[in-house]
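> Quick mapping for you: the protein sequence lines, in order, are chains A and B. For the first sequence, the numbering used here assigns the number 150 to the initial residue and increments by one for each residue that follows. For the second sequence, the numbering used here assigns the number 5 to the initial residue and increments by one for each residue that follows. Provided herewith is a single structure, encoded as structure tokens, for subsequent inquiry.
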Amino acid sequence: MTAILPGRRAVLTGIGVIAPNGVGADDFWKATREGRSVLGPVTREGCEQLPLKVAGQVSGFDAEEAVEGRYLVQTDRFTHYAMAAADLALEDARLDREGQPPFGIGVVTAAGSGGGEFGQRELQQLWGQGPQFVGPYQSIAWFYAASTGQISIRGGFKGPCAVVASDEAGGLDALAHAVRTVRRGTDTVVVGAAEAPLAPYSVVCQLGYPELSLATDPERAYLPFSPKASGFVPAEGGAMFVVEDESCARQRGARIRAELAGHAATFTGPSAWAASRAGLAHAIRGALEEARCAPDEIDVVFADALGLPEADRAEVLALADALGEHAEFVPVTAPKAGTGRAYCGAPMIDTAAAVLAMEQSLIPPTPNVTEICHDLDLVTGHARAAELRTALVLSRGLMGSNAALVLRRPY
Amino acid sequence: MTRRVAVTGVGIVAPGGIGAPAFWELLTAGRTATRGITLFDPAGFRSRIAAECDFDPAACGLDEALVARSDRYVQFALAAADEAVRHAGLDLAALDPWRLAVSLGTAVGGTTRLEHDYTAVSGRGAHWAVDHRRADPHLHRAFSPSTLASAVAERVGARGPVQTVSTGCTSGLDAIGYGFQAIEDGRADLCVAGAADSPISPITVACFDAIHATSERNDDPAHASRPFDADRDGFVLGEGGAVLILEELGHARRRGAQVLCEIGGFATFGNAYHMTGLTQEGREMSEAIDRALAHARVDGSEIDYVNAHGSGTKQNDRHETAAVKRSLGSHAYATPMSSIKSMVGHSLGAIGAIELAACVLAMVHHVVPPTANYETPDPECDLDYVPREARPARLRNVLSVGSGFGGFQSAVVLKRAGVAA
Chain A
150 MTAILPGRRA VLTGIGVIAP NGVGADDFWK ATREGRSVLG PVTREGCEQL PLKVAGQVSG
210 FDAEEAVEGR YLVQTDRFTH YAMAAADLAL EDARLDREGQ PPFGIGVVTA AGSGGGEFGQ
270 RELQQLWGQG PQFVGPYQSI AWFYAASTGQ ISIRGGFKGP CAVVASDEAG GLDALAHAVR
330 TVRRGTDTVV VGAAEAPLAP YSVVCQLGYP ELSLATDPER AYLPFSPKAS GFVPAEGGAM
390 FVVEDESCAR QRGARIRAEL AGHAATFTGP SAWAASRAGL AHAIRGALEE ARCAPDEIDV
450 VFADALGLPE ADRAEVLALA DALGEHAEFV PVTAPKAGTG RAYCGAPMID TAAAVLAMEQ
510 SLIPPTPNVT EICHDLDLVT GHARAAELRT ALVLSRGLMG SNAALVLRRP Y
Chain B
5 MTRRVAVTGV GIVAPGGIGA PAFWELLTAG RTATRGITLF DPAGFRSRIA AECDFDPAAC
65 GLDEALVARS DRYVQFALAA ADEAVRHAGL DLAALDPWRL AVSLGTAVGG TTRLEHDYTA
125 VSGRGAHWAV DHRRADPHLH RAFSPSTLAS AVAERVGARG PVQTVSTGCT SGLDAIGYGF
185 QAIEDGRADL CVAGAADSPI SPITVACFDA IHATSERNDD PAHASRPFDA DRDGFVLGEG
245 GAVLILEELG HARRRGAQVL CEIGGFATFG NAYHMTGLTQ EGREMSEAID RALAHARVDG
305 SEIDYVNAHG SGTKQNDRHE TAAVKRSLGS HAYATPMSSI KSMVGHSLGA IGAIELAACV
365 LAMVHHVVPP TANYETPDPE CDLDYVPREA RPARLRNVLS VGSGFGGFQS AVVLKRAGVA
425 A
């Protein structure tokens with residue numbers, strides 16, 4: 150590889166979404182635009198007695214239809230989602246894989262929870278029956294690198310492969326890593342994240358997060374920016390994208406859906422939400438600077454929207470710090486209030502929504518939220534028509550990461 | 005204007021010795037730290053040997069509260085980071101926290117604690133439904149791999165890009181490679197980069213048992229890890245951590261830091277072949293080597309030492325030998341190439357960082373560490389593997405390679421400090 154090459158720009162040419170509110174970009178966008186909330190009871194076997202009552206589950210996804218049997222048996226649900234989302238993104242990009250140089254397509258994923266369901270099954274085999282009952286695929290299904298590895302093998306992609314094993318903001322870091330990989334000379338990267346953190350033991354592991362909402366009413370469990378904010382609801386799913394060098398994309402006549410213009414990441418400590426104000430503001434400024442974007446060019450913000458009063462306040466203040474006066478006017482939305490937070494998958498789903506919003510000139514609303522107790526123009530109720538040239542996607546993680554991404558509509 | 009990246013500090017927690025001096029003493033003596041597993045009772049497992057760390061967190065300066073909330077692998081990283089910061093002579097309070105990054109790798113993260121607590125909440129595997137009331141309040145830290153970089157970032161006061169990398173057994177090389185890139189790109193001036201893993205637990209031992217990847221030489225653990233030897237029968241699981249302080253060269257010079265070496269280049273590729281299998285030809289690893297060399301502006305013939313992945317599995321050592329020959333040509337036969345896994349085992353995601361730390365020390369001391377236990381040549385592995393004894397050598401450019409589950413192939417090139425770019 151090389152250092153970053155001048156003049157190379159990364160654009161997004163394919164979108165694949167496997168989200169709680171829709172499998173495939175069309176269904177996802179329809180539900181997102183309508184502000185439909187799909188938060189509901191956790192129905193996974195073994196979760197009945199656990200205190201987490203509400204989550205965003207993917208429905209209408211048929212793994213056996215989406216993934217060949219030989220890949221299915223050796224992978225966890227999180228990798229099923231990732232493989233299926235990658236297929237959708239590649240199909241959307243209409244990439245001719247035959248014509249690519251042998252090391253021309255890389256794979257980058259982010260993972261915050263790994264193959265928990267597969268892992269729990271094998272743990273039960275080991276402790277319930279004995280070491281010889283652990284299957285041969287445990288070594289490759291549970292670990293965080295499973296999705297990148299399997300997407301690379303299944304697609305024949307020999308380019309640079311990477312895995313950001315991170316909290317939520319790591320999703321945006323993975324996208325930024327893909328952008329840098331393109332700028333360092335790889336023409337195409339398949340990038341994204343999908344999570345499946347709802348196996349019983351995975352849920353138990355999340356109960357220690359003080360930010361987790363244990364509310365029982367799906368309409369009130371996750372209400373960011375509202376006076377009734379009481380934490381976040383976890384979710385599964387995510388999105389994968391095809392990111393390409395702009396000139397390669399133009400040469401092959403690809404439909405360029407967005408430019409990945411700027412990104413920056415900072416760290417301010419786990420659950421230190423007041424401190425995240427400075428970290429998020431710093432990340433926004435860094436992303437704007439890389440994108441050569443003035444604050445008043447931002448037409449919409451897809452908020453992190455953690456749903457805790459202190460964290461929500463910090464985010465609103467960070468926007469004011471970084472965008473100045475423009476923060477009063479810029480519309481902010483949080484569609485994830487209707488789907489939950491799919492860890493690293495959450496900012497990927499937001500990125501997909503931001504690209505679709507720019508294409509449709511429509512800001513999707515924040516589901517379930519009616520009252521707002523912070524000083525921001527949060528889009529609620531119905532989608533709002535608006536000319537959108539530039540979108541800002543924000544994400545913060547429970548372990549202390551903050552990240553900002555600037556997306557531009559192609560010119 | 006290219007930004008160059010110096011290594012200014014090293015910290016290590018490895019089997020057979022905690023801290024860089026003890027580690028280096030072990031390597032240059034050619035001693036092995038592999039033994040029967042003591043961290044749990046391995047009766048009933050196929051492979052019952054490992055390279056364990058005799059690690060005392062208190063002796064490494066970690067207080068009780070920190071130890072209580074940190075998994076063993078995180079403790080390794082914290083101890084290694086402290087040592088590296090001291091070695092680099094860094095005054096953390098004087099640094100711009102927004103320009104300080106953290107990039108740490110791990111393959112299996114908190115699995116040891118996850119497994120430990122699993123047995124409590126599941127009635128030792130009796131039920132699929134689990135009882136949350138028996139769970140440890142710190143369990144979410146084991147669940148989130150982000151904990152690794154987060155804990156070290158808090159320790160050193162970093163506010164810049166903080167990232168955990170998890171590409172299986174190339175995690176250590178990749179984490180340091182990405183830290184290098186962060187400085188090269190101008191996203192940070194300093195990076196605490198490395199890796200840690202503590203995978204010696206029943207589930208991980210069982211999963212390598214299941215695919216026959218680990219050595220069964222249970223009656224002779226000291227000689228079980230024998231990379232490149234004709235009688236090798238798999239790797240020996242290890243644990244540990246290593247951290248390098250990476251620093252923009254001008255930044256290091258301005259503060260009068262000792263520059264141990266420079267990172268010249270890094271590359272990684274997938275083989276798109278098999279999650280655990282390797283090709284005969286090693287084309288993808290060779291591509292990683294070629295690109296890392298090009299990035300470093302070093303010709304293959306200028307490499308003075310190759311630090312091998314050398315896991316000691318039949319296929320790996322063959323694959324890697326082919327890849328190095330493909331990239332270095334006839335020069336490969338004249339270049340010492342050794343595997344320190346013969347002494348410290350294979351600590352999965354951590355080992356790439358431990359190996360790079362060994363390379364840095366080799367360049368500083370002008371000594372190539374040996375491949376312990378190498379006795380019987382394998383016709384398919386016909387390079388100079390530095391059998392059993394360390395060897396003095398002037399090292400200008402060093403190559404370290406790694407190969408991991410997922411098909412990942414990575415390479416890092418180190419250059420002697422002060423060699424013009």
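For each residue, glycine too, the CB sits at the ideal point set by N, CA and C.
1. Assign ARG490(A) to one of three DSSP states: helix, strand, or coil.
2. Along the chain, where does the beta strand (DSSP E) containing ASN320(B) start, and where does it finish?
3. With DSSP collapsed to three states, give me the class of GLY245(B).
4. Check whether the Cβ of ALA424(B) lies closer than 8 Å to any Cβ atom in chain A.
5. Per DSSP, what kind of secondary structure is CYS385(B) in: helix, strand or coil?
6. Alpha carbon to alpha carbon, how far is SER362(A) from GLY456(A)?
7. Taking Cβ positions only, does GLU360(A) come closer than 8 Å to chain B?
8. Which of the three DSSP states, helix, strand or coil, is assigned to TYR371(A)?
9. Suppose the cutoff is 6 Å on Cβ atoms and the five residues either side in sequence are ignored; what does the same chain contact list for VAL172(A) look like?
10. My parser needs the alpha helix (DSSP H) runs of 4 or more residues fully inside the stretch 483-548 of chain A; what are they?
11. Note the first and the last residue of the continuous beta strand (DSSP E) segment covering ARG420(B).
12. State yes or no: is the C-beta of THR258(A) within less than 8 Å of the C-beta of ALA231(A)?
13. Please classify ILE307(B): does DSSP put it in a helix, a strand, or coil?
14. Confirm, please, whether the CB-CB distance from ALA436(A) to LEU554(A) is below 8 Å.
15. For chain A, find out if any of its Cβ atoms is closer than 8 Å to the Cβ of ASN401(B); answer yes or no.
16. Using beta-carbon positions only, say whether THR317(B) and ALA217(B) come within less than 8 Å of one another.
17. Among the residues of its own chain, which have a CB less than 6 Å from the CB of ILE41(B), if the five just before and after it don't count?
18. Under 9 Å Cβ-Cβ, which residues of chain A neighbour LEU143(B)?
19. Name the DSSP beta bridge partners of LEU96(B), please?
20. Let me know the secondary structure DSSP gives THR162(A) once reduced to three states.
21. If you run the structure through DSSP and keep just helix, strand and coil, what is ARG137(B)?
22. Could you please give me the residues that DSSP links to PHE381(A) through a beta bridge?
23. Examine chain B for any beta-carbon lying closer than 8 Å to the beta-carbon of TYR96(A), and answer yes or no.
24. Using a cut-off of 7 Å between C-beta atoms, extract the partners of ALA238(A) located in chain B.
25. Exposed or buried, which one is PRO25(B) when buried takes at least 16 other CB atoms within 10 Å?
26. Would you call the stretch 360-378 of chain B and the stretch 14-24 of chain B in contact, with 3 or more CB pairs under 8 Å?
27. Determine which residues of the stretch 310-330 of chain B have a Cβ less than 7 Å from any Cβ of chain A, and write them out in chain order.
28. Would CYS310(A) pass as an interface residue toward chain B - the criterion being a Cβ-Cβ separation below 8 Å?
29. What's the gap between the Cα of GLY248(A) and the Cα of SER375(A)?
30. Give the residues of chain A in contact with ALA276(B), contact being defined as C-beta atoms less than 8 Å apart.
31. Compute the beta-carbon to beta-carbon distance between ALA155(B) and VAL78(B), rounded to the nearest angstrom, for a pair I have assumed lies under 8 Å.
32. Going along the chain, which residues of its own chain have a beta-carbon closer than 8 Å to the beta-carbon of GLY281(B), five neighbours each way excluded?
33. Which value, in whole angstroms, describes the spacing of the CA atoms of ARG219(A) and PHE292(A)?
34. Is the separation between the beta-carbon of ALA199(B) and that of GLY269(B) shorter than 8 Å?
35. According to DSSP, simplified to helix, strand and coil, what is PRO444(A)?
36. Just checking, does the stretch 532-543 of chain A make contact with the stretch 440-454 of chain A on the three C-beta pairs under 8 Å criterion?
According to the structure shown:
1. In the first sequence, counting from the first residue as 1, residue 490(A) sits at position 341. Three-state result, ARG490(A): strand.
2. Within the second sequence, the letter at position 316 stands for residue 320(B). Run containing ASN320(B): none in the beta strand (DSSP E); it sits in the alpha helix (DSSP H), 318-332.
3. Working through the second sequence from its first residue, we reach residue 245(B) at position 241. Three-state result, GLY245(B): strand.
4. In the second sequence, residue 424(B) corresponds to position 420, counting from 1. Caution is warranted here: a pLDDT of 46 is assigned to ALA424(B), below 50, making its placement in the model unreliable, and no coordinate value can be reported.
5. For the purposes of this step, residue 385(B) is taken as the residue at position 381 of the second sequence. It is a strand residue.
6. Your numbering for residue 362(A) matches position 213 in the first sequence. Your numbering for residue 456(A) matches position 307 in the first sequence. Going by C-alpha positions, SER362(A) is about 9 Å away from GLY456(A).
7. Along the first sequence, one-based indexing puts residue 360(A) at 211. The C-beta of GLU360(A) comes no closer than 8 Å to any C-beta of chain B.
8. Position 222 of the first sequence, counted from the first residue, corresponds to residue 371(A). In the structure shown, the three-state DSSP call for TYR371(A) is coil.
9. Looking up residue 172(A) in the first sequence gives position 23. Excluding residues within five positions, the ones whose Cβ falls inside 6 Å are GLY209 and PHE210.
10. Correct list: 494-509.
11. The count along the second sequence starts at 1 and reaches residue 420(B) at position 416. Its beta strand (DSSP E) spans residues 412-420.
12. Walking along the first sequence from the start, residue 258(A) turns up at place 109. Walking along the first sequence from the start, residue 231(A) turns up at place 82. ALA231(A) is positioned such that its CB atom lies closer than 8 Å to that of THR258(A).
13. For this step, residue 307(B) is matched to residue 303 along the second sequence. In the three-state DSSP reduction, ILE307(B) falls in the coil class, being neither helix nor strand.
14. Within the first sequence, numbered from 1, the residue matching residue 554(A) stands at position 405. Within the first sequence, numbered from 1, the residue matching residue 436(A) stands at position 287. Yes, Cβ-Cβ distance for LEU554(A) and ALA436(A) is below 8 Å.
15. As a first step, residue 401(B) is located in the second sequence; it is residue number 397 there, counting from the start. So no, ASN401(B) is outside the interface.
16. The sequence position of residue 317(B) within the second sequence is 313, counting from 1. The sequence position of residue 217(B) within the second sequence is 213, counting from 1. Yes, Cβ-Cβ distance for THR317(B) and ALA217(B) is below 8 Å.
17. Along the second sequence, read from residue 1 onward, the residue named residue 41(B) stands at position 37. ARG52 and ALA54, listed in sequence order.
18. Taking the first residue of the second sequence as 1, we reach residue 143(B) at position 139. By Cβ distance, chain A contributes VAL353, CYS354, GLN355, LEU356 and GLY357.
19. Residue mapping note: residue 96(B) aligns to position 92 of the second sequence, counting from 1. For LEU96(B), which the question treats as bridged, DSSP gives no partner whatsoever.
20. For the purposes of this step, residue 162(A) is taken as the residue at position 13 of the first sequence. Of the three classes helix, strand and coil, the one that applies to THR162(A) here is strand, per DSSP.
21. Within the second sequence, numbered from 1, the residue matching residue 137(B) stands at position 133. Helix at ARG137(B).
22. Against the first sequence, residue 381(A) aligns to sequence position 232. Answer is LEU361(A).
23. Residue 96(A) is absent from the model: chain A starts at 150 and stops at 560.
24. Residue 238(A) sits at position 89 when you count from the first residue of the first sequence. The contacting residues do not exist; ALA238(A) stays about 17 Å from chain B at best.
25. Within the second sequence, residue 25(B) is the residue found at index 21, counting from 1. That one is exposed.
26. Verdict: yes, contact present.
27. If the cut-off is 7 Å between Cβ atoms, the stretch 310-330 of chain B has nothing near chain A.
28. Taking the first residue of the first sequence as position 1, residue 310(A) is located at position 161. Taking Cβ atoms only, chain B reaches closer than 8 Å to CYS310(A), which makes this a yes.
29. Here residue 248(A) is taken as the residue at index 99 of the first sequence, counted from 1. Here residue 375(A) is taken as the residue at index 226 of the first sequence, counted from 1. C-alpha separation (whole angstroms): 51 Å.
30. Here residue 276(B) is taken as the residue at index 272 of the second sequence, counted from 1. Those within 8 Å of ALA276(B) in chain A are SER301, ILE302, GLY304, GLY305, PHE306 and LYS307.
31. On the second sequence, position 151 is the one that residue 155(B) refers to. On the second sequence, position 74 is the one that residue 78(B) refers to. Contact flag correct, Cβ pair sits at about 5 Å.
32. For the purposes of this step, residue 281(B) is taken as the residue at position 277 of the second sequence. Here the set comprises GLN319.
33. Your numbering for residue 219(A) matches position 70 in the first sequence. Your numbering for residue 292(A) matches position 143 in the first sequence. Computed Cα separation, rounded: 18 Å.
34. Position 195 of the second sequence holds residue 199(B). Position 265 of the second sequence holds residue 269(B). No. Outside cutoff.
35. Taking the first sequence and counting its residues from 1, one reaches residue 444(A) at position 295. In the structure shown, PRO444(A) sits in a helix (DSSP, three-state: H, G or I).
36. The answer is yes - the stretch 440-454 of chain A touches the stretch 532-543 of chain A, with three or more Cβ pairs under 8 Å.
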